Amino acid sequence: MVVDIKPEQHFTKAPARYTEGSLVRALEKEGIGRPSTYAAIISTIQERDYVEQKEKKFFATDLGEIVTDKLNEFFPKIMDIAFTRYMEEQLDKIEEHHLDWLGVLREFYGPFKQNLDTALVQMKHAKAEAAPSEYKCPRCGRQLIYRFGKNGKFLSCSAYPECKFASPCDKEGTMLEEKVSEHKCPVCGKPMV
Numbered sequence: 001m002v003v004d005i006k007p008e009q010h011f012t013k014a015p016a017r018y019t020e021g022s023l024v025r026a027l028e029k030e031g032i033g034r035p036s037t038y039a040a041i042i043s044t045i046q047e048r049d050y051v052e053q054k055e056k057k058f059f060a061t062d063l064g065e066i067v068t069d070k071l072n073e074f075f076p077k078i079m080d081i082a083f084t085r086y087m088e089e090q091l092d093k094i095e096e097h098h099l100d101w102l103g104v105l106r107e108f109y110g111p112f113k114q115n116l117d118t119a120l121v122q123m124k125h126a127k128a129e130a131a132p133s134e135y136k137c138p139r140c141g142r143q144l145i146y147r148f149g150k151n152g153k154f155l156s157c158s159a160y161p162e163c164k165f166a167s168p169c170d171k172e173g174t175m176l177e178e179k180v181s182e183h184k185c186p187v188c189g190k191p192m193v
C-alpha cells in the first residue's frame, strides 16, 4: 500500500573540469603514466589542440572531441583505463626483467593491427558532419555551416558546390574577417588574404 508520493526533481551534475593539478592526480590515482611523463601528456594534448585552457581549466576542443570519439569507436580496448594500467604494469615487469618485451609487444600488436586496419578503411570514407551556424552567406544569402578541414574548423556555404564561399573562424566558431593584403599572389595575381 502506497502512503505518500512526493515528486522530486534531480539533476545530474557534470564532473568538474580538470586543471593541470587535478589531471595529474587523476592519472596517479588510475596508475597511468609516471611523474616524468605527466608534463609531456599535458603539453601533448594542448599542442595537438585536443584541449584548451580557460581560467586554468581544460576544455575539450571540437578536434579533441572528434579524436576521442573515433578512438573510442575503433580502439575501445586501448581507450579503456584498465588496459592502460595493465600496460603500465607490463612495462614495469619488463623493466624488472620479469617479462620478455617481445612477448608483450606481440600480445598487444595483433589486436591493435586489426583495429588499425579497420579504422584506416572506415575512416578514409568518413566525413565530419557539418553543423549549422548563425551566419548567412554574404554571396548567396544561404546559411553558413561549420565544417572541418586539415586546418581545423571553418565556415562554408550550405549551397556548396554551387556557392564556394568559405571563411575562417576562431575556436569558438566566430567568423573572422578576411583582410585583403595590398600584395598580389605571384602565381595567380589575385590579392592575398
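Residue numbering for the sequence shown follows the working numbering, starting at 1 and increasing by one per position. Where a beta carbon is used, it is the ideal one built from N, C-alpha and C, also for glycine. Small disclaimer: the values here were computed from a predicted structure and weren't measured.
Exercise for the section: Give a yes or no on contact between the region 131-150 and the region 37-51, applying the rule of three or more CB pairs nearer than 8 Å. Expected result: no
Handout entry: Contact set for residue 111: own chain, Cβ-Cβ below 8 Å, skip 5 residues either direction
Key = One-based indexing of the sequence shown puts residue 111 at position 111. Correct list, in chain order: 77.
Practice task
Inspect the beta-carbon positions of residue 173 and residue 153 and report whether they are closer than 8 Å.
Solution key: Taking the first residue of the sequence shown as position 1, residue 173 is located at position 173. Taking the first residue of the sequence shown as position 1, residue 153 is located at position 153. Result yes, Cβ atoms of residue 173 and residue 153 sit closer than 8 Å.
Problem - Identity of the residue in 56, 52, 46 nearest residue 22 by Cα - result: For the purposes of this step, residue 22 is identified with residue 22 of the sequence shown, where counting begins at 1. Minimum Cα distance to residue 22 is reached at 56.
Practice task
Would you check if the distance between the CB atom of residue 74 and the CB atom of residue 115 is smaller than 8 Å?
Solution key: As a first step, residue 74 is located in the sequence shown; it is residue number 74 there, counting from the start. As a first step, residue 115 is located in the sequence shown; it is residue number 115 there, counting from the start. Going by C-beta atoms, residue 74 is nearer than 8 Å to residue 115.
Problem - Cβ shell of residue 81 (< 6 Å), same chain only, five flanking positions each side left out - result: As a position in the sequence shown, residue 81 is number 81, starting the count at 1. Contacts found: 30.
Handout entry: residue 61 beta carbon near the ligand SAM (any heavy atom closer than 7 Å)
Key = With respect to the ligand SAM, the structure shown offers nothing to examine, as it has no ligands at all.
Practice task
Please classify residue 168: does DSSP put it in a helix, a strand, or coil?
Solution key: Reading the sequence shown from its first residue, position 168 is the one you call residue 168. Reduced to three states, the DSSP call for residue 168 is strand.
Practice task
Assign residue 144 to one of two classes, buried (16 or more other C-beta atoms within 10 Å of its C-beta) or exposed (fewer than that).
Solution key: Working through the sequence shown from its first residue, we reach residue 144 at position 144. It counts as buried.
Exercise for the section: Quick one: grab the DSSP three-state call for residue 146. Expected result: Locating residue 146 in the sequence shown gives position 146, counting from the first residue. Strand, per DSSP.
Practice task
May I ask which residues mark the beginning and end of the beta strand (DSSP E) holding residue 135?
Solution key: Taking the sequence shown and counting its residues from 1, one reaches residue 135 at position 135. First-last of the beta strand (DSSP E) with residue 135: 131-136.
Exercise for the section: Report the three-state DSSP secondary structure of residue 110 (helix, strand or coil). Expected result: Taking the first residue of the sequence shown as position 1, residue 110 is located at position 110. The answer is helix: DSSP assigns residue 110 an H, G or I state.
Exercise for the section: Enumerate in chain order the residues of its own chain whose CB-to-CB distance from residue 36 is below 7 Å, with the five nearest sequence positions on each side excluded. Expected result: In the sequence shown, residue 36 corresponds to position 36, counting from 1. Here the set comprises nothing.
Handout entry: Three-way DSSP call (helix, strand, coil) for residue 153 in this model
Key = Position 153 of the sequence shown, counted from the start, is the residue given in the question as residue 153. Strand, per DSSP.
Problem - Top-ranked residue by Cα proximity to residue 161, from 168, 142, 170 - result: Translated into positions along the sequence shown, residue 161 becomes position 161. The option with the nearest alpha carbon to residue 161 is 142.
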